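J.: If you read the sequence shown in numbering that gives the first Met the number 0, its first letter stands for residue 0, the second for the next number, and so on.
Backbone N, C-alpha and C fix where the C-beta goes; we use that ideal spot for every residue, glycine too.
No experiment lies behind these values; they were computed from the predicted model shown.
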Amino acid sequence: MKIKLNSIFVENQDKALAFYTGVLGFKPSKDIPMESCEFRWITVVSPEGHPDVELVLEPNANPAAKVYQEALVKQGIPITAFEVDDIVAEAKRLKQAGVQFTMDPTDAGPVKIAIFADTCGNLIQIYQVTGA
């Protein structure tokens, strides 16, 4: 069993694709129109990760998805987390790109974490492993 896809719900697929590629630095992988609806199958990959592990930018058109997404944001809970090598440098880079943080880099035991808004309806956590 392998993890190949992880989905996150987004309010607007075009806006999400622009943010995840242009700001976060992921690379576009797939962009396939869906015949049965106006949405697309859009995936991105990390240039620093395994090329066959994709993040799906899934539309939150399902009412349950929208409620779930909004509830997580209201509670301050990130929908997913991405590992970085230098969280302070990454947070600085993202802030310079206009990204809004809800938590600056903070020690949390053996990791440092930070949380930001992805402009698509989600909070995203970045983390750096700092020790055991």
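1. Does the distance from the CB of V9 to the CB of E57 come in under 8 Å?
2. Return the residue from the list K111, F25, V98 and A15 that minimises the CA-CA distance to F38.
3. Give the straight-line distance between the Cα atoms of D84 and L23, rounded to the nearest whole angstrom.
4. Specify the secondary structure class of P109 as computed by DSSP and reduced to three states.
5. Buried or exposed: where does L122 fall if 16 or more other Cβ atoms within 10 Å of its Cβ makes it buried?
6. Which of helix, strand or coil does DSSP assign to I125?
7. Name the DSSP beta bridge partners of K116, please?
8. Smallest Cα separation from Q124: which of Q95, A90 and V52?
9. Going by alpha carbons, who is nearest to I7 out of A107, F81, Q127 and S35?
10. For K3 versus V52, is the C-beta spacing smaller than 8 Å?
T.: With the given structure in hand:
1. Against a cut-off of 8 Å, the Cβ pair of E57 and V9 comes out as a contact.
2. A15
3. 14 Å
4. coil
5. Taking all protein chains shown into account, L122 has 16 or more neighbouring C-beta atoms within 10 Å of its C-beta and is therefore buried.
6. If DSSP states are grouped into helix, strand and coil, I125 belongs with the strands.
7. Here residue 116 turns out to be Ala, not Lys, going by the sequence shown. Looking at the DSSP assignment, A116 forms a beta bridge with L122.
8. A90
9. F81
10. yes
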